[in-house]
Structure formats: structure tokens, C-alpha cells
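S.K.: Here the protein sequences line up with chains A and B, keeping their order. Here our numbering is used: the first residue of the first sequence is 17, the next is one more, and so on. Here our numbering is used: the first residue of the second sequence is 17, the next is one more, and so on. Where is the CB? At the ideal position from N, CA and C, for every residue including glycine. Got a structure for you, questions after.
Protein chains: 2
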Amino acid sequence: MNAPADLPTPACPRPLPAAMLELLRARFGDQLSTARAVREQHGRDESPFDVPPPDAVLFCQSTQDVADAVRLAARYKVPVIPYGAGSSLEGHLLAVQGGLSLDLSRMTEVLELQPEDLTVTVQAGVLRTQLNQAVRHAGLFFPIDPGADASIGGMTATRASGTNAVRYGTMRENVLGLTVVTAQGEVVRTGTRARKSSAGYDLTRLLVGSEGTLGVITEITLRLHPLPEHVAAAICSFPDVAAAVQTTIAIIQMGVPIARCELMDRHAVRAVNARDHLGLKESPLLLMEFHGSQAGVAEQTAVVQELAREHGGEDFQWAATPEERTRLWAARHHAYLSGLQMRPGCRAVTTDACVPISCLAENVVQALDEAEAAGLPHFAVGHVGDGNFHVAYLIDPAQPDERHLAEQLNEQLVMRAIACGGTCTGEHGIGLHKQGFLVEEAGDGAVAMMRALKAALDPDQILNPGKIFQP
Amino acid sequence: MNAPADLPTPACPRPLPAAMLELLRARFGDQLSTARAVREQHGRDESPFDVPPPDAVLFCQSTQDVADAVRLAARYKVPVIPYGAGSSLEGHLLAVQGGLSLDLSRMTEVLELQPEDLTVTVQAGVLRTQLNQAVRHAGLFFPIDPGADASIGGMTATRASGTNAVRYGTMRENVLGLTVVTAQGEVVRTGTRARKSSAGYDLTRLLVGSEGTLGVITEITLRLHPLPEHVAAAICSFPDVAAAVQTTIAIIQMGVPIARCELMDRHAVRAVNARDHLGLKESPLLLMEFHGSQAGVAEQTAVVQELAREHGGEDFQWAATPEERTRLWAARHHAYLSGLQMRPGCRAVTTDACVPISCLAENVVQALDEAEAAGLPHFAVGHVGDGNFHVAYLIDPAQPDERHLAEQLNEQLVMRAIACGGTCTGEHGIGLHKQGFLVEEAGDGAVAMMRALKAALDPDQILNPGKIFQP
Numbered sequence: 017m018n019a020p021a022d023l024p025t026p027a028c029p030r031p032l033p034a035a036m037l038e039l040l041r042a043r044f045g046d047q048l049s050t051a052r053a054v055r056e057q058h059g060r061d062e063s064p065f066d067v068p069p070p071d072a073v074l075f076c077q078s079t080q081d082v083a084d085a086v087r088l089a090a091r092y093k094v095p096v097i098p099y100g101a102g103s104s105l106e107g108h109l110l111a112v113q114g115g116l117s118l119d120l121s122r123m124t125e126v127l128e129l130q131p132e133d134l135t136v137t138v139q140a141g142v143l144r145t146q147l148n149q150a151v152r153h154a155g156l157f158f159p160i161d162p163g164a165d166a167s168i169g170g171m172t173a174t175r176a177s178g179t180n181a182v183r184y185g186t187m188r189e190n191v192l193g194l195t196v197v198t199a200q201g202e203v204v205r206t207g208t209r210a211r212k213s214s215a216g217y218d219l220t221r222l223l224v225g226s227e228g229t230l231g232v233i234t235e236i237t238l239r240l241h242p243l244p245e246h247v248a249a250a251i252c253s254f255p256d257v258a259a260a261v262q263t264t265i266a267i268i269q270m271g272v273p274i275a276r277c278e279l280m281d282r283h284a285v286r287a288v289n290a291r292d293h294l295g296l297k298e299s300p301l302l303l304m305e306f307h308g309s310q311a312g313v314a315e316q317t318a319v320v321q322e323l324a325r326e327h328g329g330e331d332f333q334w335a336a337t338p339e340e341r342t343r344l345w346a347a348r349h350h351a352y353l354s355g356l357q358m359r360p361g362c363r364a365v366t367t368d369a370c371v372p373i374s375c376l377a378e379n380v381v382q383a384l385d386e387a388e389a390a391g392l393p394h395f396a397v398g399h400v401g402d403g404n405f406h407v408a409y410l411i412d413p414a415q416p417d418e419r420h421l422a423e424q425l426n427e428q429l430v431m432r433a434i435a436c437g438g439t440c441t442g443e444h445g446i447g448l449h450k451q452g453f454l455v456e457e458a459g460d461g462a463v464a465m466m467r468a469l470k471a472a473l474d475p476d477q478i479l480n481p482g483k484i485f486q487p
Numbered sequence: 017m018n019a020p021a022d023l024p025t026p027a028c029p030r031p032l033p034a035a036m037l038e039l040l041r042a043r044f045g046d047q048l049s050t051a052r053a054v055r056e057q058h059g060r061d062e063s064p065f066d067v068p069p070p071d072a073v074l075f076c077q078s079t080q081d082v083a084d085a086v087r088l089a090a091r092y093k094v095p096v097i098p099y100g101a102g103s104s105l106e107g108h109l110l111a112v113q114g115g116l117s118l119d120l121s122r123m124t125e126v127l128e129l130q131p132e133d134l135t136v137t138v139q140a141g142v143l144r145t146q147l148n149q150a151v152r153h154a155g156l157f158f159p160i161d162p163g164a165d166a167s168i169g170g171m172t173a174t175r176a177s178g179t180n181a182v183r184y185g186t187m188r189e190n191v192l193g194l195t196v197v198t199a200q201g202e203v204v205r206t207g208t209r210a211r212k213s214s215a216g217y218d219l220t221r222l223l224v225g226s227e228g229t230l231g232v233i234t235e236i237t238l239r240l241h242p243l244p245e246h247v248a249a250a251i252c253s254f255p256d257v258a259a260a261v262q263t264t265i266a267i268i269q270m271g272v273p274i275a276r277c278e279l280m281d282r283h284a285v286r287a288v289n290a291r292d293h294l295g296l297k298e299s300p301l302l303l304m305e306f307h308g309s310q311a312g313v314a315e316q317t318a319v320v321q322e323l324a325r326e327h328g329g330e331d332f333q334w335a336a337t338p339e340e341r342t343r344l345w346a347a348r349h350h351a352y353l354s355g356l357q358m359r360p361g362c363r364a365v366t367t368d369a370c371v372p373i374s375c376l377a378e379n380v381v382q383a384l385d386e387a388e389a390a391g392l393p394h395f396a397v398g399h400v401g402d403g404n405f406h407v408a409y410l411i412d413p414a415q416p417d418e419r420h421l422a423e424q425l426n427e428q429l430v431m432r433a434i435a436c437g438g439t440c441t442g443e444h445g446i447g448l449h450k451q452g453f454l455v456e457e458a459g460d461g462a463v464a465m466m467r468a469l470k471a472a473l474d475p476d477q478i479l480n481p482g483k484i485f486q487p
């Protein structure tokens with residue numbers, strides 16, 4: 017397989033020709049920028065890769081803007097790279113062949129809210145926190161919450177999930193329909209507002225997670241959920257990571273409808289303590305949330321407390337007020353940034369394996385044992401209710417050996433996950449970083465099928481080329 | 017649009033050549049049949065269409081059998097039509113161009129049950145009742161239950177759902193991975209046993225609902241669910257259909273996690289009374305089921321009883337014992353056959369619209385008013401918690417006028433559903449019957465995208481050609 021430490025060798029660059037630049041300027045005026053700082057800002061994400069920035073950045077304001085730009089790009093066979101909040105982790109935004117970055121961050125309109133149907137349609141640049149502010153007054157919320165305040169378009173394109181997925185599903189389950197600009201610059205609408213449909217191929221689900229390589233997602237229709245009547249959050253510390261994970265496994269196998277079930281290892285706890293002054297005991301913990309009626313929540317927590325006790329967990333510490341709860345979850349969402357601050361100047365190589373729940377304990381424990389043995393600074397967090405966990409190895413970018421070591425640890429971790437029926441990526445996507453792993457996981461036949469789909473919808477390879485697999 | 021009353025004009029027949037028949041015989045012996053009775057049995061389903069039967073039927077016993085057969089078919093460019101239980105409703109199984117029927121009903125092995133992960137892998141011919149018998153001992157169940165005892169392969173291929181979808185989702189949410197034979201006769205595995213993944217294109221979801229046109233599904237990995245601790249079922253009669261549907265809308269908007277919420281109109285009640293001697297009051301009713309802890313179920317039923325009362329519903333009649341419950345749900349599952357018996361010798365034209373929940377009352381009521389006004393015998397049932405309802409028009413196959421009238425009513429019903437953001441098919445699929453509606457619903461652009469995907473994966477159009485759209 018490809019050594020995942022290396023960037024896949026990029027195909028020939030396809031820079032933006034002057035004639036196209038002129039046409040773009042004529043159509044878009046100062047929505048277009050070629051300023052170096054703007055291009056550089058759009059030429060990297062949270063991944064540890066450096067590649068040349070895109071040749072230009074277009075700040076789109078509408079689906080029509082995107083369609084007009086893609087039609088021009090199609091004529092000149094120039095790559096287009098959709099850009100939302102810039103928070104992807106696997107090199108999704110990097111202009112490996114040059115081309116035009118389509119910044120959708122100004123497309124922030126909540127187009128239609130239908131509270132009675134629990135649906136909403138938004139433009140791709142709406143951020144997840146903005147969406148939740150916009151629907152809260154109707155007694156609704158949107159549960160998917162990757163750590164960053166990502167855009168709904170980006171979350172759709174990477175099939176994101178987060179802490180609530182154990183109960184509410186991922187973007188796969190919560191996207192009902194899309195407006196998409198095809199490689200030919202056509203505007204296509206997929207799905208409906210009905211909860212289910214058997215009408216033809218599931219284009220919506222094909223585009224969710226396609227990382228900008230099959231179409232540019234400009235509008236998204238989502239399922240919303242009623243705000244729970246009652247919410248309770250608690251922390252439970254464990255003697256070791258294995259005990260915390262075994263508790264999680266028991267919770268899931270019992271069918272407890274827990275809303276959130278997050279693992280933090282002692283390094284992660286130390287990091288959020290340092291940044292957010294939480295004063296948590298520095299041992300592995302589960303951070304849990306329960307949604308339901310007062311009685312329902314009481315029932316769930318009684319079961320979970322009993323399971324935790326059986327595995328050596330300490331008494332629950334409750335986040336009693338909504339403010340305390342918010343503070344706790346904010347700390348969880350900052351865990352990544354907090355972790356980075358443990359080693360100033362570092363970058364993180366972040367793993368994202370997701371395994372069948374019964375294999376979770378051995379997968380997490382072995383990964384952390386290997387990281388300790390290697391002596392590389394690291395921390396671990398996990399959406400363990402889903403079987404998904406992240407180890408972040410903190411590397412000094414000036415030390416190629418450290419990068420290499422981190423990638424080696426990642427590879428061991430991923431191959432173990434695949435061997436037990438899991439996946440190399442639960443929620444971050446393939447991007448540039450996991451292309452070798454995708455082949456290991458899916459096999460040549462499935463990847464050939466993916467390539468055939470790509471060739472059918474984007475024959476000139478202009479849509480975010482070089483991501484998921486090489487052209 | 018195409019008048020849906022007419023079968024799409026079939027492309028030229030592509031019969032099975034003698035040379036291929038010989039090779040099939042050599043490889044498969046008496047697994048192959050060309051007997052007229054066998055071919056005819058495989059040449060129709062529950063749809064009201066008559067077309068010539070396939071040229072031969074192959075009783076496959078393994079993925080390898082399927083792969084070998086498809087490779088031969090690919091060589092001779094002969095259509096292959098996968099066949100499970102023969103219970104599809106929209107002409108999916110009909111050999112419109114001739115070819116080879118691949119009967120998977122002997123592939124009935126439960127390959128791997130992992131109770132601790134709530135997953136199971138089965139061969140495509142396993143029936144849904146067989147699956148539930150096989151996993152019950154582990155305290156698990158598989159909730160998807162179309163009316164017929166369909167095969168898991170067929171349910172996957174049509175993106176089936178049924179009465180539990182309002183709580184547990186459809187095949188879309190419950191299929192984790194597949195083994196598929198491609199148009200080239202290659203065996204490909206999609207998905208993993210992990211609960212979520214962002215690894216490349218979602219081939220699993222593309223194949224779920226593809227109606228045998230993108231690959232032959234031979235094995236399916238499914239999510240299972242813990243048997244609920246407590247189950248309660250109740251019937252509530254209403255003065256009219258509108259009141260029953262308004263109650264449903266309120267239940268869903270309140271976020272009550274009801275497990276089943278089924279509407280039967282008075283004709284459907286009369287039909288199941290006649291066949292199953294239930295003695296139900298012959299007015300519209302909701303047939304409901306609640307899953308959870310004892311306290312959770314009590315809470316849900318209290319809320320729902322209050323909502324029903326507000327809408328003029330009568331007191332709940334409880335199915336007190338598991339036997340009574342089973343009898344009730346068996347009657348619901350027989351409603352289609354019971355309805356057919358109301359008009360001996362008839363065939364049914366069945367609608368399958370699914371709409372956003374807020375539009376459900378007006379959609380159901382108008383459809384039934386129109387059916388009454390037209391004077392055509394009919395009955396209605398609905399998975400109303402999902403916004404999905406079926407009107408079955410009972411037509412005399414000897415009277416073309418009746419077929420035409422039924423199709424006209426269906427068209428009015430579907431166009432109304434599409435206009436309010438719904439779909440022409442919630443769970444039956446497109447098959448032959450709804451190809452015009454698919455274009456109305458999805459638009460030319462989306463259908464062009466579907467055609468491009470088909471052309472990419474099956475360039476010689478051998479996989480169930482003529483279904484979903486014309487070659």
C-alpha cells in the first residue's frame with residue numbers, strides 16, 4: 017500500500033489560464049481574489065500538509081455564482097475546490113493541481129424552516145452553531161457537531177458526525193436532499209422533504225461524503241429534532257481506558273438510548289483542564305449526556321451508573337445547570353485545540369478509526385499502549401458509543417522522523433481496525449491522507465467502482481481532483 | 017409525462033442464445049430450468065402487468081454461482097433479472113427484454129451473527145421472518161417489515177421499509193454493507209461492520225434501492241436492534257380519516273418515539289374483519305405500537321391517548337397478550353390480500369406516495385375523496401408516522417377503463433405529493449410503473465445523473481434493463 021506518510025504524487029498542475037481569469041473578473045468583479053494571503057488561507061486546512069495554494073479564490077454568494085464559475089472551469093478544464101469553514105483534517109481543500117477555490121462561506125442564508133415537518137433548507141456556508149441558533153426558537157435542534165464550527169456544506173461533503181451520532185445518526189441519516197452543481201455547471205436537486213423514498217438511485221447519499229469530487233453542494237435540506245424535554249450530563253472517571261470503554265460497550269449492547277458517550281484519556285483531560293480550568297481528575301473519563309423525559313432520563317442514568325460501577329467507575333459528577341453543561345461540552349469541543357497547546361508549535365496527525373463495538377476496547381487500548389511505547393506526545397478522544405476514536409499524535413513539523421513515527425502508529429491502528437471489520441475513517445473522510453487505507457479497506461473492486469462513478473460524473477476531473485483517489 | 021397507465025415501450029428483446037444456454041447447462045446442471053411453468057412464475061410479480069417470461073431461470077446457491085452466471089450473460093450481452101420472493105409491486109421482476117432470471121431464493125444461509133455488535137450477515141434469499149427467528153434467541157430483532165414475507169435481498173434492492181420505519185428507519189438506515197456481483201461478474205464488497213464511515217463514496221447506499229440495475233446483491237450485513245424490554249399495542253378508532261391523520265401529525269411533531277403508527281381506512285378495516293374475524297369497529301383507525309421500558313411505554317401512551325382524545329379518537333383498545341398483538345399485526349400485514357378478496361378476481365393498482373408530515377392530512381383526505389367520487393372499489397392503509405400511505409384501487413383486469421381510471425387517480429395523488437415536497441414512492445420503488453413520475457419528481461438533471469451512473473457501471477445494460485428508466 018501507499019505509505020500514508022507521503023502525499024500521493026500529484027498529477028500535473030492545471031493552473032488557471034489568463035483568459036479564464038479575465039472572464040471570471042468580468043462576471044464576478046471583486047468577489048474574485050488572487051491576493052497571495054487570501055490564496056494561502058484557502059490552500060491549507062487542519063491537515064499537516066503544505067502544498068501550493070489555489071490560483072484564485074471566488075467568494076460565491078449563490079448557487080448561480082457556483083454554476084457560472086463551474087461552467088467556466090469546465091470549459092478550461094481547470095480544477096474547482098469547494099471551501100466552507102476550512103476545518104477539514106485530511107487535506108480536502110488543498111489545491112494539489114492548482115485551480116479555483118470556491119469559497120461558500122458567504123452563502124449563509126437559512127432558506128426555509130418548516131418546524132411542523134422538522135426540516136430546514138440552508139445554504140452551504142451556514143455554520144452549525146448558526147443553524148442551531150436559527151431553529152432554537154421553534155423548539156428544534158440539529159445534532160451533528162464535529163469539533164470545529166464547520167459549515168453544513170463541508171459537513172455534508174465529508175459525511176461528518178460528532179458527539180450526538182450515537183443517538184441521532186450522522187450526516188448520512190440527517191440530510192434529506194441537496195442542491196448540487198454538477199461538473200458541467202448544471203444545477204441538480206436531489207431527494208425530497210419526505211422522510212423516506214424509494215424513487216431511483218440515492219443521489220443524496222452518493223453525494224454525502226463525496227468530498228467535493230462529484231458535485232459542488234450549494235444547498236442542503238436537513239432533518240431537525242425536537243429539543244429534548246430534559247437533558248442531563250455527567251462525567252464519570254475510570255481507573256483506566258479499558259474500563260471506560262467496557263462500560264460503553266455494555267451501554268450500547270443494552271440498547272440504552274444515550275445521546276452522547278465520549279471518551280477522553282488522561283492526556284486529553286489534562287489538556288482541557290489546562291485550557292478551560294475544569295479541575296477534572298486526570299484519569300480517563302466518559303462524558304455522557306442523556307435526553308428524554310424526566311423519568312426517561314432517570315431510568316437511563318440509573319442503568320448507566322450501575323454499569324459504570326460494575327467496571328470500576330467512580331460516582332457521576334453531574335453538570336447541574338445548562339451553563340455548566342455548555343461549559344463541559346465546549347471544553348470537549350476544544351479538546352483538539354487544547355491538545356495542540358500541550359506542545360507549542362506542534363502539528364497533529366489525527367487518527368479516525370471506527371470499529372464494531374465489541375472490538376473497541378482492544379483497539380483503543382492497543383493504540384494507546386503503542387503510542388506510549390513510542391514516546392510520542394499524544395492524546396485520545398472518542399465518540400466511543402459509535403466505536404469511533406481519535407488519537408492525535410503531536411509532532412514537531414521540523415522533525416520528519418516524528419511525522420514518520422506518527423504515520424507508522426496510525427497505520428498499525430488502522431490495519432487493526434480494518435482487520436476486525438471496521439473503517440479507517442469514521443467521520444473525517446479520505447482526502448489526501450487515507451487513500452492507501454481506502455484501498456486496504458474497500459478493496460480494488462470497490463475502489464474501481466468508485467472511480468467509474470467519478471469518471472461518469474466528472475470526465476474531465478475538474479471537481480476537487482486528487483482527493484479520495486488519484487485521477 | 018408518460019401516461020403511467022402504459023408500460024414503457026420495451027427495447028428490442030435480447031433472448032438467451034443457444035450457445036449460452038449450453039454453457040449454463042454445463043456449469044449448473046439442473047439448477048437451470050427452461051420449463052414454461054417455472055419461467056412464468058418468475059415472469060410476474062404483484063404488479064398488474066403481463067409481459068413475456070424470462071428465457072430461463074437459474075436457481076443460484078452462492079455468490080460464486082451468481083458471478084459465473086453474470087460473467088456468461090456479460091459475454092453474450094443477455095439481461096439478468098434478480099429474483100427473491102417475487103413480492104415486488106412495480107414490475108421489477110418482469111423480463112421486458114427476455115434474458116435470465118437469477119432466482120436467489122435458495123440462498124438462505126444466515127452467515128454470521130454478531131450479537132455483541134448488533135450485526136448479522138445473511139444471504140440474499142433469507143426471508144424477513146426467517147431472519148427474525150434466527151436472531152431472536154440473542155434478544156435481537158430486525159425491524160423492517162414490508163407486508164409480504166419478502167427476501168432481504170429484494171428488500172435491499174427496493175429500499176423497503178414497513179410499519180417500524182417511523183422509529184427504526186428503512187433499509188437505507190439498516191444496511192451496513194453488501195456483497196454484490198457487478199455487471200462484469202466481479203464480486204465486490206461494500207461498507208464495513210462499523211456503525212458509521214466516511215471512507216469514500218457510499219456504494220452501499222447507492223446499491224440499496226437500485227432495483228437490480230447496478231449489481232446483483234448476494235449478501236447483506238444488517239444492523240439489528242435489541243428486543244424492546246416492553247411492548248404495548250393499541251387500536252384507536254376515529255370519526256374520520258382526517259382526525260386519525262391529525263393525531264399522527266401531532267405525535268410526530270411532539271417527538272414521541274412511537275414504534276409503529278398505522279392508518280387503516282374503513283374499507284381496509286372491513287377487509288381485515290372479513291378475513292381475520294377481528295370484529296373491529298368499521299371506522300378509520302390507528303394501529304399503534306410502543307417500545308421501551310415499562311415506564312417509558314406508559315409515558316408514551318399517556319401522551320398519545322391525550323392527543324387522540326383531542327382529535328375525537330375513542331378509548332384505546334389494548335392488545336393485552338403477545339398472541340393478541342401478533343394476531344393484530346398479522347391482520348395488518350394481510351390487509352393487502354384481505355383487500356383483494358373484497359372484489360374477487362380483481363387486481364390492485366397501489367399508490368405509494370410519501371409526503372412531509374404537515375401535508376399528510378390533506379393528501380390522504382383528497383385522495384380518498386377522489387376515489388369515492390370515482391366510484392372505484394378501493395381501500396387505504398398507511399405508515400402514516402412516516403407520511404407514507406397506500407391507496408389500493410381494485411380493478412377488473414378485463415375492464416381497461418377501470419385500469420385507466422385507477423391510473424388517473426394515482427397520477428392526481430402523486431402530483432399532489434410531489435407538489436408539496438414529497439415522493440411518488442416511499443417504499444415500493446420505481447420498477448416499470450413509476451418511470452414518468454420519477455422524472456416529474458427528480459427532474460431531468462437528476463435522472464440524467466442516474467443514467468450516467470447506470471451507464472458507468474453497466475455499459476451493456478444487462479442488469480435488469482428497462483427498470484427505473486428506459487435504456
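1) Nearest by alpha-carbon distance to T186(A): which of L192(A), G193(A), L194(A), S177(A) is it?
2) If you scan the stretch 186-234 of chain B from start to end, which runs of the beta strand (DSSP E) of 3 or more residues do you find wholly inside it?
3) Does A351(B) come out as helix, strand or coil in the three-state DSSP assignment?
4) Cα separation between V182(A) and A249(B)?
5) Going by C-alpha to C-alpha distance, which of D71(B), L39(B), T135(B), F485(B) sits closest to A51(B)?
6) Please report the Cβ distance between M304(B) and V397(B), rounded to the nearest whole angstrom; I am assuming they are in contact, meaning their Cβ atoms lie under 8 Å.
7) Ignore the nearest five residues each way along the sequence and tell me which others in L448(A)'s own chain have a CB closer than 8 Å to its CB.
8) Can you have a look at P20(A) and say buried or exposed, based on whether 16 or more other CB atoms are within 10 angstroms of its CB?
9) So L269(A) contacts chain B; which residues on that side make the cut at Cβ distance below 9 Å?
10) Chain A beta carbons: is any one of them nearer than 8 Å to that of A468(B)?
11) Can you check the stretch 74-122 of chain B for any beta strand (DSSP E) of at least 3 residues that lies completely inside it and give the ranges in chain order?
12) If you follow the beta strand (DSSP E) that L296(B) is in, where does it begin and where does it stop?
13) Quick check on the burial criterion: 16 or more other C-beta atoms within 10 angstroms. Buried or exposed for R363(B)?
14) Which value, in whole angstroms, describes the spacing of the CA atoms of T208(B) and V455(A)?
15) At a CB-CB cut-off below 9 Å, which residues of chain A make contact with D84(B)?
16) Whose C-beta lies closer than 6 Å to the C-beta of A351(A) among residues of the same chain, with five residues either side of it excluded?
17) Hey, is K483(B)'s beta-carbon within less than 8 Å of any beta-carbon in chain A?
18) L473(A) touches chain B at which residues, Cβ-Cβ below 9 Å?
19) With a cut-off of 8 Å, does the C-beta of L429(A) fall near any C-beta of chain B?
20) From T263(B) to E330(B), what does the alpha carbon distance come to, in whole angstroms?
21) Is the beta carbon of D402(A) sitting closer than 8 Å to the one on C370(A)?
22) At least one CB of chain A closer than 8 Å to the CB of N404(B): is that the case?
23) Which value, in whole angstroms, describes the spacing of the CA atoms of G308(B) and E278(B)?
24) For the stretch 37-64 of chain A, which residues have a CB atom closer than 8 Å to at least one CB atom of chain B, in sequence order?
25) Under 7 Å from any heavy atom of the ligand NAP, does the C-beta of K212(A) make it?
26) So with CB distances below 9 Å, who are the chain B contacts of V224(A)?
27) For G201(B), would you say it is in contact with chain A, using Cβ-to-Cβ distances shorter than 8 Å as the test?
28) Among A471(A), F485(A), L479(A), G461(A), which has the Cα closest to the Cα of A199(B)?
29) Measure the C-alpha to C-alpha separation of Q333(B) and T342(B) and round it to an integer number of angstroms.
30) Per DSSP, which residues does H420(B) bridge with? Please list them.
31) Distance check for L116(A) and D292(A), CA to CA, integer angstroms please.
32) Where does N180(A) sit, in a helix, a strand or coil, going by DSSP?
33) Could you pull the DSSP bridge partners for H241(A) from this structure?
M.R.: Once the coordinates are examined:
1) S177(A)
2) 191-197, 203-207
3) helix
4) 27 Å
5) D71(B)
6) Incorrect: roughly 14 Å between the Cβ atoms, too far for contact.
7) L23, P24, S63, F65, E106, G107, H108, L110, V112, G482, K483
8) Residue placement at P20(A) cannot be trusted, given a pLDDT of 41 that sits under 50; what the coordinates show is reported in the next sentence. Label assigned to P20(A): buried.
9) According to the sequence displayed, residue 269(A) carries Gln and not Leu. P131, E132, D133, L134, P242, listed in chain order.
10) yes
11) 96-99, 116-119
12) Where L296(B) is concerned, there is no enclosing beta strand (DSSP E), given that its DSSP letter is neither H nor E.
13) buried
14) 13 Å
15) Those within 9 Å of D84(B) in chain A number zero; the least Cβ separation is about 16 Å.
16) A284, V288, V397
17) no
18) M465, A468, L469, A472
19) no
20) 12 Å
21) yes
22) yes
23) 18 Å
24) none
25) By its list of ligands, the structure shown contains no ligand whatsoever, and the ligand NAP lies outside what it can speak to.
26) D218, R221
27) no
28) G461(A)
29) 15 Å
30) Note: H420(B) sits in no beta bridge, so no partner.
31) 39 Å
32) coil
33) F157(A)
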